[in-house]
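The sequence shown runs 5 to 143 under this note's numbering.
All C-beta atoms, glycine included, are put in the ideal place defined by N, C-alpha and C.
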Amino acid sequence: MKKMLLGALVLSLAWSCSKDDSNPNNQVNNNPVNFTELEVSPTFDWKNTSKYTIQVEGVPTDMTQKRILQVLDGEQKVLAQRVVRLTEDNTIEFTAAAGLKELTVKCGSIEKKVDVSSGTASFNYLPEDDLSDLDPADR
5 MKKMLLGALV LSLAWSCSKD DSNPNNQVNN NPVNFTELEV SPTFDWKNTS KYTIQVEGVP
65 TDMTQKRILQ VLDGEQKVLA QRVVRLTEDN TIEFTAAAGL KELTVKCGSI EKKVDVSSGT
125 ASFNYLPEDD LSDLDPADR
């Protein structure tokens, strides 16, 4: 009887230490070795780029020459470039890395940072007036 009990104990230990199925149908493999093993939600968006639009507001001026307008990211990489007239409104559309919150727009000696909201930004050629030249009472 002791031998049977000892044999049953050894068998139960051996059975409990056996290797489990490596990927049963109801489990997700959290450590895939290659892309064929990768399991991704069907709603996952694989894109890492977004479309951006900058609305450029022209200004009334006698200057009719064309200038190069550049749109740059935070690392000063040129994302878009167009030849524009300062007097004309323009829409510049381009694709760049997703998640940009601020862009730099350059046109000749004019350089401004613009905020991006939902992929859209606005730019005009007028310098920002910080009112520093006014008497504090007039600000």
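query: How many angstroms separate the CA atom of L42 from the CA atom of K55?; result: 28 Å
query: I'd like to know whether the C-beta atoms of I96 and V60 end up nearer to each other than 8 Å.; result: yes
query: So, is L107 buried or exposed, given that buried needs 16 or more other C-beta atoms within 10 angstroms?; result: buried
query: Within the continuous beta strand (DSSP E) that includes D119, where are the two ends?; result: I114 to D119
query: When you compare only the Cα positions, how much space is there between K105 and F127?; result: 14 Å
query: So, do the stretch 66-73 and the stretch 83-97 have three or more beta carbon pairs nearer to each other than 8 Å?; result: yes
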